[in-house]
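K.L.:
Starting off with a structure, shown below.
Protein chains in written order, with the working numbering: chain A, 1 to 441; chain B, 442 to 882.
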């Protein structure tokens, strides 16, 4: 009988190993996709390989013919590794042999090996399965992976437990019409707008929980900041002293994330020309005060004291950038009418709630706050909003049988990525976006 | 202006800190839910707190009256910490004061503070929001969190990049009728049965990718091993030498996961009485041979050489347990008719594919294999299966423009948890299961 061993030997090296110096002057073997095949004259050809963490220059002299190896072929190259200052990453391989593993049937529809790609968004989105091979596009989603990894690592270190909650639900957490309907066998069901109910339930179990998962919003907006499906990084924590504990937890995450990006994603940051934002000095301001400050500075009268227009949101971001040099600002105490039924009212001013948004360069990237934990209070608030508590029996079970003071938040991963990478459209920060007109690829 | 600090001081200690010895004989403050409130006579009361990582015994003498604090209240307790061999975790607090943060409106519907809960499954599932507070129930999902964490940690270390792919799709990856239909604005859409197409696309970008996310199967089975929504741990890797590279990667994950559980989840393993399976010696056997071995040993003639009945699967598991002491077995070379259109045929015997399942104690917990990377070959196979390649334009784009040899797998997180924890029903390994009859909670 054959048994597994748990490891695989390929004898092929990755970029970090090649750059380590250990193999300089030695014969090495690597695999990769032919990113560029450029005859330089005099029988010399530069074969650039795209590897998972960068590119590698391979130099072929007249003794190795690579003229029939098209770009985007998958190859294994063997040759002598040399330090070479002028090459990307400071190394190159003098090729002795090339083995072709696979060949494309057709050339790429656009040259992804150019430094800059100028495509209109719709064309790009249709070509995403192959366009993402472009180094800068690829770096955006490496950074996104880093932001997700930082979220989990930081929260695990803070005693949070990861949970997986259902996306097919019998009722939405956010209410309203922005919900997708589903045929669930013989019944009607919906797609979850948020893991809100479930993460609250799990606070009663683990005190602190998080989930990174898709959420679905049937919003009929077609804007550069809306997606109909996005990745929500949610956490919920019990035994809070106030909703400021949630704010501090998020700012702890942001600090951890920026350090992780600096440490492990430096090449991607450099490729995208990203300067990381200051996360050490994030101002905290009330909704009311933020509106007033922006209105005064930019001479734009407040039309509705209990609402926030997108332009006001941008102006608040602008104000804190200009006055405090801040990229992030926590805006607290949102009005009751802007918050769902589970938000806890501010006992000092019941027109407002113990909640907050985090704005990043003028855009909301997080909504959070303290939730109602008392059963009678939650039922009363539902009734005051015209809701029917009997439809929420399984949710209210946790309030009925005891819940600690708690709260949490949801971070839109794509929006955070978008703003961090300085992108203009959230679709550029989502691998395969879903919007009003797009279901493919 | 107020600024965030990134930290919160509560002055409250967690179990690990309490057990460290640093605070023995000192006054400490802790929070928790009242798991049990048991008057012992003579004015003495044992107040057991449920904390996120275990329970804590608090002893109240006559000077502190806790008789009016019901179970499942959230409290803050201050008192003297003492080492006490007979108490859970070897420590107890001699209570000086108790502050009640919140009280339940009603007692629990069942006593979750009992060591064993005997409820029928349907009752339990309806009560899940509060039943999960039971220590043993909770441990199942701690272990599940550990399995997910191990998956990401191990694969990150192996150079994999995390991706987030859409769950609302225009076509299913697995085909067939087991797919949920959705109203997507004015169009028809579906819920993803697997991230298959997307993870393959991303192999062309990052070489190695993984995703932990929900998948949806509209299967009309009502069995102890089927869920209509489950968490799939998927990976896909390029430049493989054969599909055995995928098998080795999975066995590397299993080794890493068992070590992590031993190290960080020992209390949960002990609470559930789990003996970890041997992952160092996993046999690999072909589909054909596995069927023959089981048929011979258990005197059950093979009815269809190209199909595998659930009882045969169980017998294969039984065979390898009895003969090799193995809990896991990789069964390779599944018949073409049992595998989807993207599976690569075995060039040595085109009735079979370069694919595998992993059986764990007689149940399939993983399906994987090598995929077709050549465009012409993929189109031909689609046609041979009666499919229309023009309907898969965005998927075939990657084959057309070049893909390395690649393959991958999907692990059902709930099934892996179920078998590891020795549970009889996969619903016991899913927080809020979705099945034919259940959409709530």
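Quick reminder that beta carbons are idealized off the backbone N, C-alpha and C, glycines included. Keep in mind the model is a prediction, meaning the values are calculated, not measured.
Can you tell me whether DSSP reads residue 877 (chain B) as helix, strand or coil?
P.N.:
Looking at residue 877 (chain B) - three-state DSSP - the assignment turns out to be coil, as it is neither helix nor strand.
K.L.:
Do the region 73-84 of chain A and the region 92-101 of chain A make contact, defined as three or more Cβ pairs closer than 8 Å?
P.N.:
Contact holds: three or more Cβ-Cβ distances are below 8 Å.
K.L.:
Would you mind sorting residue 749 (chain B) into buried or exposed? The rule is 16 or more other CB atoms within 10 Å of its CB.
P.N.:
Buried: at least 16 other Cβ atoms inside 10 Å.
K.L.:
I think residue 654 (chain B) touches residue 213 (chain A), with their Cβ atoms under 8 Å apart; what is that distance to the nearest whole Å?
P.N.:
Yes, they are in contact, since the Cβ atoms of residue 654 (chain B) and residue 213 (chain A) sit about 7 Å apart, within 8 Å.
K.L.:
For residue 674 (chain B), which residues of its own chain have a beta-carbon under 6 Å away from its beta-carbon, when the five flanking residues on both sides are left out?
P.N.:
Counting only Cβ-Cβ distances below 6 Å, and skipping sequence neighbours, we find 592, 653, 852 and 854.
K.L.:
Rounded to whole angstroms, what is the Cα-Cα separation between residue 688 (chain B) and residue 771 (chain B)?
P.N.:
Roughly 8 Å between the two C-alpha positions.
K.L.:
Starting from the Cα of residue 638 (chain B), find the closest Cα among A:436, A:431, A:437 and A:24 and give me that residue.
P.N.:
For residue 638 (chain B), the nearest C-alpha among the options comes from A:431.
K.L.:
Using 8 Å as the limit for Cβ to Cβ distance, is residue 518 (chain B) near chain A?
P.N.:
Cβ-Cβ to chain A under 8 Å: no for residue 518 (chain B).
K.L.:
Expressed to the nearest angstrom, what Euclidean distance is found between the alpha-carbon atoms of residue 603 (chain B) and residue 138 (chain A)?
P.N.:
In a straight line, the C-alpha of residue 603 (chain B) is about 12 Å away from that of residue 138 (chain A).
K.L.:
Which residues does DSSP list as the beta-bridge partners of residue 38 (chain A)?
P.N.:
BP columns for residue 38 (chain A) point to A:46.
K.L.:
List, in order along the chain, the chain B residues whose C-beta lies closer than 7 Å to that of residue 374 (chain A)?
P.N.:
Within 7 Å Cβ-Cβ: 543.
K.L.:
Does the region 638-649 of chain B come within contact of the region 835-852 of chain B, defined as at least 3 CB pairs closer than 8 Å?
P.N.:
Touching, yes, given that three or more Cβ pairs across the two stretches are closer than 8 Å.
K.L.:
Consult DSSP for residue 314 (chain A) and reduce its assignment to one of helix, strand or coil.
P.N.:
In this structure, residue 314 (chain A) counts as helix in the three-state DSSP scheme.
K.L.:
Less than 8 Å separating the beta-carbons of residue 725 (chain B) and residue 2 (chain A)?
P.N.:
Yes, the pair counts as a contact, with Cβ atoms nearer than the cut-off.
K.L.:
Can you round the beta-carbon distance between residue 875 (chain B) and residue 566 (chain B) to whole angstroms, since I take them to be within the 8 Å contact cut?
P.N.:
Their Cβ separation, rounded to whole angstroms, is 11 Å, which puts residue 875 (chain B) and residue 566 (chain B) out of contact at 8 Å.
K.L.:
Check for me: the beta strand (DSSP E) holding residue 685 (chain B) runs from which residue to which?
P.N.:
No beta strand (DSSP E) contains residue 685 (chain B), which is instead part of the alpha helix (DSSP H) from 685-705.
K.L.:
Please decide whether residue 40 (chain A) counts as near chain B, where near means a Cβ-Cβ distance under 8 Å.
P.N.:
Output row for residue 40 (chain A): interface = no.
K.L.:
Leaving out the 5 sequence neighbours to the left and right, which residues in its chain are closer than 7 Å to residue 601 (chain B) when beta-carbon positions are compared?
P.N.:
Counting only Cβ-Cβ distances below 7 Å, and skipping sequence neighbours, we find 649, 650, 651 and 676.
K.L.:
Could you tell me if residue 221 (chain A) is buried or exposed, where buried requires 16 or more neighbouring beta carbons within 10 angstroms of its beta carbon?
P.N.:
Answer is exposed; the Cβ neighbour count stays below 16.
K.L.:
Under 8 Å, CB to CB, which of the residues in the region 580-610 of chain B have a partner in chain A?
P.N.:
The region 580-610 of chain B vs chain A, Cβ under 8 Å: 582, 583, 585, 586, 589, 590, 593, 597, 600, 602, 603, 604, 605, 606, 607, 608, 609 and 610.
K.L.:
For residue 357 (chain A), count neighbouring C-beta atoms within 10 Å of its own C-beta (all shown protein chains included) and say buried if the count is 16 or more, exposed if not.
P.N.:
It is buried - the Cβ of residue 357 (chain A) has at least 16 other Cβ atoms within 10 Å.
K.L.:
Using a beta-carbon distance below 8 Å, is residue 571 (chain B) in contact with chain A?
P.N.:
Yes, residue 571 (chain B) counts as interfacial toward chain A.
K.L.:
Given a cut-off of 8 Å, decide if residue 441 (chain A) and residue 225 (chain A) are closer than it, judged by their beta-carbon atoms.
P.N.:
No, they are not a contact pair.
K.L.:
Since I believe residue 529 (chain B) is in contact with residue 483 (chain B) (beta carbons under 8 Å), could you give me their beta-carbon distance rounded to a whole number of angstroms?
P.N.:
So it is not a contact: roughly 22 Å between Cβ atoms.
K.L.:
Since residue 673 (chain B) is in the beta strand (DSSP E), which residue starts that stretch and which ends it?
P.N.:
Looking at the DSSP string, the run of the beta strand (DSSP E) that includes residue 673 (chain B) is 670-679.
K.L.:
Which residue from A:387, A:423 and A:17 puts its Cα closest to that of residue 91 (chain A)?
P.N.:
Of the candidates A:387, A:423 and A:17, the one whose C-alpha sits nearest the C-alpha of residue 91 (chain A) is A:17.
K.L.:
Name, please, each residue of chain B whose Cβ falls closer than 9 Å to the Cβ of residue 241 (chain A).
P.N.:
The answer, in chain order, is 449 and 451.
K.L.:
According to DSSP, is residue 422 (chain A) helix, strand or coil?
P.N.:
Here residue 422 (chain A) sits in coil by DSSP.
K.L.:
Pull out every residue of the region 279-308 of chain A whose Cβ sits closer than 9 Å to any Cβ of chain B, in chain order.
P.N.:
Against chain B - using a Cβ distance shorter than 9 Å - the residues of the region 279-308 of chain A are 279, 280, 281, 282, 283, 284 and 285.
K.L.:
If you draw a straight line from the C-alpha of residue 312 (chain A) to the C-alpha of residue 299 (chain A), how long is it?
P.N.:
Distance between the alpha carbons of residue 312 (chain A) and residue 299 (chain A): 11 Å.
K.L.:
Excluding five sequence neighbours on each side, which residues of the same chain lie with their C-beta closer than 7 Å to the C-beta of residue 372 (chain A)?
P.N.:
Same-chain partners within the cutoff: 342, 344, 378 and 381.
K.L.:
Around the Cβ of residue 670 (chain B), are there at least 16 other Cβ atoms within 10 angstroms (buried) or fewer (exposed)?
P.N.:
Buried: at least 16 other Cβ atoms inside 10 Å.
K.L.:
By the three-class DSSP mapping on this structure, what secondary structure does residue 180 (chain A) have?
P.N.:
DSSP places residue 180 (chain A) in coil when its eight states are reduced to three.
K.L.:
Strictly under 8 Å for the Cβ-Cβ distance: is residue 476 (chain B) near chain A by that measure?
P.N.:
Output row for residue 476 (chain B): interface = no.
K.L.:
I'd like the ranges of any alpha helix (DSSP H) spanning at least 4 consecutive residues and lying wholly in the region 94-118 of chain A.
P.N.:
List check, alpha helix (DSSP H) in window: nothing returned.
K.L.:
Comparing C-alpha positions only, which one of A:155, A:268 and A:26 sits nearest to residue 83 (chain A)?
P.N.:
Answer by Cα proximity: A:26.
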